[in-house]
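A.B. asks: Position 234 of the sequence shown, counting from 1, maps to 234 under UniProt numbering, and the rest follow consecutively.
Backbone N, C-alpha and C define an ideal beta-carbon position, used for all residues, glycine too.
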Amino acid sequence: MLREQIEPGRYAVIRMPDHRNVEIGKRPEGSVISAEESGEQGEVVRVEASRTTVSREVGRTMLIILAVALLAVLAAVALAVRQAHRLSAPLTDLAETAERLGSGDPRPRHRRYGVPELDRVADVLDGSAERIARMLTAERRLAADASHQLRTPLTALSMRLEEITLTDDPETVKEEATIALGQVERLTDVVQRLLTNSRDPRSGSAVAFDLDEVVKQQIEEWRPASRSEGRAIVRSGKKGLRAVGTPGAVAQVLATLIENSLMHGDGTVALRTRVTGNQAVVEVSDEGPGVSPDLGARVFERTVSGRNSTGLGLAVARDLAEADGGRLELLQQHPPVFALFLSREAEDASGS
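#1: If you reduce the DSSP assignment to three classes, tell me which class Arg235 lands in.
#2: Residues in the same chain with beta-carbon distance under 6 Å from Ile33, minus the five sequence neighbours each way, listed in chain order, please.
#3: Compare the Cα-Cα distances from residue 354 to each of Gly265, Ala323 and Val281 and report the closest residue.
#4: What residues in its chain sit with their C-beta under 7 Å from that of Val299, if we drop five residues either side in the sequence?
#5: Going by C-alpha distance, which of Tyr11, Leu71 and Gly114 is nearest Val47?
#6: Tell me the DSSP secondary structure of Thr276 in three-state form.
#7: Judging by CA-CA distance, which residue of Met135, Leu74 and Val77 is the nearest neighbour of Gly104?
#8: Helix, strand or coil: how does DSSP classify Val244 here?
#9: Output the distance between the C-alpha atoms of Arg82 and Glu96, rounded to the nearest integer angstrom.
#10: Taking its Cβ as the centre, do 16 or more other Cβ atoms sit within 10 Å of Pro336, making it buried, or is it exposed?
#11: With 16 as the cutoff for other CB atoms within 10 Å, does Asn21 come out buried or exposed?
#12: For Gly311, does the three-state DSSP call read helix, strand or coil?
#13: Using a Cβ-Cβ cut-off of 6 Å (strictly less than) and excluding sequence neighbours within five positions of Val45, which residues of its own chain qualify?
#14: Terminal residues of the continuous beta strand (DSSP E) containing Asp93?
#15: Which class does Val214 belong to by DSSP, given the choice of helix, strand or coil?
#16: In the structure shown, what three-state DSSP assignment does Val291 receive?
#17: Does the Cβ of Asp294 have 16 or more other Cβ atoms within 10 Å, making it buried, or fewer, making it exposed?
#18: Which residues in the same chain have their Cβ closer than 7 Å to the Cβ of Ala98, if we skip the five residues on either side of it in sequence?
#19: According to the Cβ coordinates, are Asn260 and Arg344 closer than 8 Å?
#20: I'd like the list of long-range same chain contacts for residue 355, defined as Cβ closer than 7 Å, with 5 residues on each side in sequence excluded.
#21: Mapping DSSP to helix, strand and coil, what is Gln332?
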């Protein structure tokens, strides 16, 4: 039983109180390490082991400890590398997103990384990208709208100024200059309206104005162009109407409709004013073939156009009309009849 308690390679001797010795195991040779302990009954137990054997066991234990420590260090390094990659890769990706925004590519990436702080930064960058995209779209739309809406009026203004340079009659010069100044003021209103629409299409600056005066101005401005085409511009319908809107924007809408008739229509261009309910209506028609069946109401969509057109004119005209609470509709395709609906001034509406 005592032998089972002594590990192999150990030697133990027990000196009993009666001076008998009990030996267990083989006594080691050479240098030994010993330990001695006395019992309660006077017995003495002495254990000896070879120093070489003990050193070998201690060395083996140290190797195990070092191996475990090395594995722990390697695991910690691997975990640190993984965590560093988990953080550095999203940061690199966010830096690329910011660089793309700076280079003019505002497409949001909608990438998330599972780290709340980094996901918050990604949300902010995506929100910024969407706002920049809307701003760029508004700027491009403004540039296209302004180019389309101002091209023909500026040409007409240039022709009128040329007429001034060719005449020596002071009265004619004064009359033409007055008309030219009016055109410049209306162009200024149109530019301001386009700028306002590009920022907030819902913001309006509608006022009560003399609708007859705007219709008359447009007929006078476009009469030279219609005569050069061998065509006529006539007006009919109810007079003395007052409407609510932006005079410059309304003038530009009518200019777009008249220009459309001169460019794509035929025969006489007719402007007819009428009243329906609490609205004043200006109809513009001609005797041409009208709008093709495949276009229909889509004629007001951007990029949708008829012959040799950019597709912007009617779309911009509709936006200008709606910005002040009006609307622009195609009432009839053959022959074409476009109608601008405007709210009537309160007193004017109650008096009719």
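C.D. replies: Quick answer:
#1: Position 235 of the sequence shown, counted from the start, is the residue given in the question as residue 235. In the structure shown, Arg235 sits in a strand (DSSP, three-state: E or B).
#2: For the purposes of this step, residue 33 is taken as residue 33 along the sequence shown, with counting starting at 1. Contacts found: Ala49, Arg51 and Val54.
#3: The chain is shown only over 1 to 352; residue 354 falls outside these bounds and no answer can be derived.
#4: Sequence index remark: in the sequence shown, residue 299 carries index 299 (1-based). These residues qualify, in order along the chain: Val291, Leu314 and Leu330.
#5: Stepping through the sequence shown from its first residue, residue 47 is reached at position 47. Out of Tyr11, Leu71 and Gly114, Tyr11 has the C-alpha closest to the C-alpha of Val47.
#6: On the sequence shown, residue 276 is found 276 positions in, with the first residue counted as 1. Of the three classes helix, strand and coil, the one that applies to Thr276 here is strand, per DSSP.
#7: Sequence index remark: in the sequence shown, residue 104 carries index 104 (1-based). Taking only the C-alpha atoms, the option nearest Gly104 is Met135.
#8: Translated into the one-based positions of the sequence shown, residue 244 becomes position 244. In this structure, Val244 counts as strand in the three-state DSSP scheme.
#9: The residue given as residue 82 occupies position 82 in the sequence shown. The residue given as residue 96 occupies position 96 in the sequence shown. One C-alpha to the other measures close to 21 Å.
#10: For this step, residue 336 is matched to residue 336 along the sequence shown. By the 10 Å Cβ count, Pro336 comes out buried.
#11: Within the sequence shown, residue 21 is the residue found at index 21, counting from 1. Flag for Asn21 reads exposed.
#12: The residue given as residue 311 occupies position 311 in the sequence shown. At Gly311, the pLDDT of 42 sits below 50, so the modelled position is not reliable; the number obtained from the coordinates is stated separately. Coil at Gly311, not helix or strand.
#13: One-based indexing of the sequence shown puts residue 45 at position 45. Excluding positions up to five away in sequence, the list reads Ile14 and Glu37.
#14: As a working mapping, residue 93 is identified with position 93 in the sequence shown. Asp93 -> not in any beta strand (DSSP E); alpha helix (DSSP H) instead, spanning Arg51 to Gly102.
#15: The residue you call residue 214 lines up with position 214 of the sequence shown. Collapsing the DSSP output to three states places Val214 in a helix.
#16: The count along the sequence shown starts at 1 and reaches residue 291 at position 291. When DSSP states are grouped into helix, strand and coil, Val291 belongs to the coil group.
#17: By one-based count along the sequence shown, residue 294 stands at place 294. When all chains shown are included, Asp294 counts as exposed.
#18: The residue you call residue 98 lines up with position 98 of the sequence shown. Only Leu125 meet the Cβ criterion.
#19: As a first step, residue 260 must be located in the sequence shown, where it is residue number 260. As a first step, residue 344 must be located in the sequence shown, where it is residue number 344. It is not a contact, given that the beta carbons lie outside the stated cut-off.
#20: Lying outside 1 to 352, the shown extent of the chain, residue 355 is not represented and no answer is given.
#21: Locating residue 332 in the sequence shown gives position 332, counting from the first residue. Looking at Gln332 - three-state DSSP - the assignment turns out to be strand.
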